[in-house]
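> Attaching a single structure in structure tokens format; questions to follow.
If you want it as structure tokens, here you go:
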């Protein structure tokens, strides 16, 4: 009893504070304002994470892109950097990329083009596939599982494992064979089956390009699928009673209801396909080369500085593409409430 | 004679009757429409079946290739006679890959080093739960709890998506090694992955926040208003009304979060937690160095699976086939798991309790 008393006395200020805040919220503050306050509270952890895990490293990268980065040492135990010295060089890194690097500009342009081409292709394909996979037929569960497989197999770890080491890749290239062309060859199999050459070429090319489209649209298909499934059923029932055909139902109900997710899928497609493009390989070559100083026509530059500058150009151009895509798609978006 | 004549007649009559009936049916506008609709339906079904079978074939072919190669005995690798199914099915590749990935090792020094698959399941599950929660909270705030600067913050968060992780690698390593997050050292511990996920910087968190925001935005306002009229506070509205209705987003986000965490290689390398907490992906990524040790321990243990092929370990073809088998082994739990989960994915998303 006594302990309870003491506890309640200790707890009193806290309880009072909590009640006061609660009362303040429920009586004095309008619901809209309460919502705004909760909104800020909900965002706080995100903002802490954003500043600490993203903004600070990002600003450091910006500084690196304008400077000459020199390594001062690594921890002998963990083999990690402890510090670097930066020396301001202004726009020299960018000048090097723009004027002296052999392939950066062309690779950037071609990645830009291929990404813009990818977006409508993948969006249309994945929307159609989502509609098809949503309709009822025998073996639907199996087909859905199959369509998800490429998403599972799209792993960086697998890429790394399959390209095991530079030496092995070189050995394979010099012998001009790759595991699957050496051991198992679809084209060869078709040729052995006595098909004409044109048909073989067409089939193998088509299967390759279709496979790449499918493997990059798994996420989008699932986004659309979940969107379609959250469309209220009564809309479809009403349309059916009015005698609408499947075609009309798609254009008048499914498409507008799913259109907000079109934006999501579009942004995701841009990010994903830009991250896959050759440009990132060019950039990463500078990172993996280590801390090397090399002298261009502009004086001494280091790998990390050039890498940072390239990465920033990469980010700016992908934001540009996203802006284009969002502008184009947001004209079609329809929100149910409005 | 008579008999056959009448027969002929009746047959002719019958035929004529049939023909006229068919003609009538054919010209009947209602039946015509029904027929047309049915034909269209069947044609659609056939088209769908053809497309789906074709696409399934395209997807399954490379996986089947991988499986077919993996089931071959190492000595049969370059046998040109084998096309699809190897004559002598052998699990040697799988056994080597099993050792390589340290799926289950009873001689391990500590519990956390015993089984990579257990570790990966733990990390993926914990990160999935955290990520769904943090993304749902943030997405709800961006969609419905409007405050000043709400949209600007959202677009800034979205913009983080376009910054590739590799870009920040150098500065991240420097920053994480030299500082700590509120007293917690970030390097060499699995805790840092959880912390990053809690604070919304897990693997592609921004896309999950975006997904939740779009979903919450798409739910009717009436739902929220009725909860408000009934006296529910903000948290209560979120927890018992909005979140259950966003089940589609929850399942999608959970699934992708799990899969991406399972496949993650970048963060495991960045935070270096793989030393004390080995994962499938890091073992797979670093398989080149480990293969020699695995093979030498095999030889030391006297297992004569690779008898007579001393230099096979140096064959690049053999190495990449082992890598390929290990990749298959790593993906297998995901595939099996997906077959169970996808039922939930299909059926639980029906919206309940909403009348627009």
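Protein chains in written order, with the numbering used here: chain A, 1 to 338; chain B, 1001 to 1356.
Note that CB positions come from ideal geometry on N, CA and C, so glycine has one too.
#1: Using 9 Å as the limit for Cβ to Cβ distance, is residue 1099 of chain B near chain A?
#2: Please list the terminal residues of the continuous alpha helix (DSSP H) segment that includes residue 1113 of chain B.
#3: What residues in the region 1186 to 1202 of chain B have a beta carbon less than 8 Å from any beta carbon of chain A?
#4: What is the rounded straight-line gap between the Cα of residue 1105 of chain B and the Cα of residue 1278 of chain B?
#5: Are the C-beta of residue 1166 of chain B and some C-beta of chain A separated by less than 9 Å?
#6: Leaving out five residues on either side along the sequence, give the residues of the same chain with a beta carbon under 8 Å from the beta carbon of residue 322 of chain A.
#7: With three or more C-beta pairs closer than 8 Å as the rule, is the region 54 to 62 of chain A touching the region 1172 to 1181 of chain B?
#8: What is the rounded straight-line gap between the Cα of residue 228 of chain A and the Cα of residue 131 of chain A?
#9: Any beta carbon from chain A within less than 9 Å of residue 1114 of chain B's own beta carbon?
#10: Straight-line CA distance for residue 1151 of chain B to residue 1049 of chain B?
#11: Any beta carbon from chain B within less than 9 Å of residue 280 of chain A's own beta carbon?
#12: Measure the beta-carbon distance from residue 263 of chain A to residue 324 of chain A and round it to whole angstroms, keeping in mind my assumption that it falls under 8 Å.
#13: Quick check: is the beta carbon of residue 1140 of chain B nearer than 9 Å to any beta carbon in chain A?
#14: Measure from the C-beta of residue 1339 of chain B to each C-beta in chain A and report whether the shortest distance is under 9 Å.
#15: Going by DSSP, what residue range makes up the alpha helix (DSSP H) through residue 1232 of chain B?
#16: Quick test of your reading: residue 1100 of chain B and residue 1275 of chain B, contact by CB under 8 Å. State the CB separation rounded to the nearest angstrom.
#17: Go ahead and pull the three-state DSSP assignment for residue 1015 of chain B.
#18: Quick one: does residue 1342 of chain B have its CB under 9 Å from some CB of chain A?
#19: If you run the structure through DSSP and keep just helix, strand and coil, what is residue 245 of chain A?
#20: Would you mind sorting residue 252 of chain A into buried or exposed? The rule is 16 or more other CB atoms within 10 Å of its CB.
#21: From which residue to which residue does the alpha helix (DSSP H) around residue 1045 of chain B run?
#22: Exposed or buried, which one is residue 1201 of chain B when buried takes at least 16 other CB atoms within 10 Å?
#23: Note down the Cα distance separating residue 1248 of chain B from residue 1180 of chain B, rounded to an integer number of angstroms.
#24: Tell whether a beta-carbon distance below 9 Å holds between residue 274 of chain A and residue 224 of chain A.
#25: Is any beta-carbon of chain B found at less than 9 Å from that of residue 96 of chain A?
#26: Using a Cβ-Cβ cutoff of less than 8 Å, which residues in the same chain neighbour residue 1353 of chain B once the five nearest sequence positions on both sides are dropped?
#27: Cβ of residue 1219 of chain B within 9 Å of Cβ of residue 38 of chain A?
#28: Using 9 Å as the limit for Cβ to Cβ distance, is residue 314 of chain A near chain B?
#29: Compile a chain-ordered list of the residues in the region 28 to 57 of chain A whose CB is closer than 7 Å to at least one CB of chain B.
#30: Determine the direct distance from the alpha carbon of residue 137 of chain A to that of residue 1283 of chain B, and round the result to whole angstroms.
#31: Closer than 7 Å by beta-carbon distance: list the chain B residues that pair up with residue 277 of chain A, in chain order.
#32: Inspect the beta-carbon positions of residue 1132 of chain B and residue 1234 of chain B and report whether they are closer than 9 Å.
#33: Count the C-beta pairs between the region 1027 to 1040 of chain B and the region 111 to 118 of chain A that are closer than 8 Å, then say yes if the count reaches three, no if not.
#34: Let's see if you can read the secondary structure: which residues bound the alpha helix (DSSP H) around residue 1218 of chain B?
#35: Return the chain-ordered list of same chain residues with a C-beta closer than 7 Å to the C-beta of residue 1066 of chain B, the five sequence neighbours on each side being excluded.
In short:
#1: no
#2: Segment: none, residue 1113 of chain B is in no alpha helix (DSSP H) and carries neither H nor E.
#3: 1187, 1188, 1196, 1198, 1199, 1200, 1201
#4: 12 Å
#5: yes
#6: 267, 270, 271
#7: yes
#8: 8 Å
#9: no
#10: 44 Å
#11: yes
#12: Not quite, the Cβ-Cβ distance comes to about 13 Å (not below 8 Å), so this is no contact.
#13: yes
#14: yes
#15: Neither: residue 1232 of chain B is in no alpha helix (DSSP H) and is coded neither H nor E.
#16: At roughly 17 Å, the Cβ-Cβ gap does not stay under 8 Å, so residue 1100 of chain B and residue 1275 of chain B are not in contact.
#17: helix
#18: yes
#19: coil
#20: exposed
#21: 1029 to 1070
#22: buried
#23: 37 Å
#24: no
#25: no
#26: For residue 1353 of chain B, the pLDDT reaches just 36, beneath the cut-off of 50, and the residue's location in the model is therefore unreliable, although a value from the coordinates is still provided. The answer, listed in chain order, is 1245.
#27: no
#28: yes
#29: 31, 34, 35, 36, 38, 39, 40, 42, 43, 45, 46, 48, 49, 50, 52, 53, 54, 56, 57
#30: 41 Å
#31: Near residue 277 of chain A there are no residues of chain B at all, since even the closest Cβ is about 11 Å away, more than 7 Å.
#32: no
#33: no
#34: 1205 to 1218
#35: 1324, 1328
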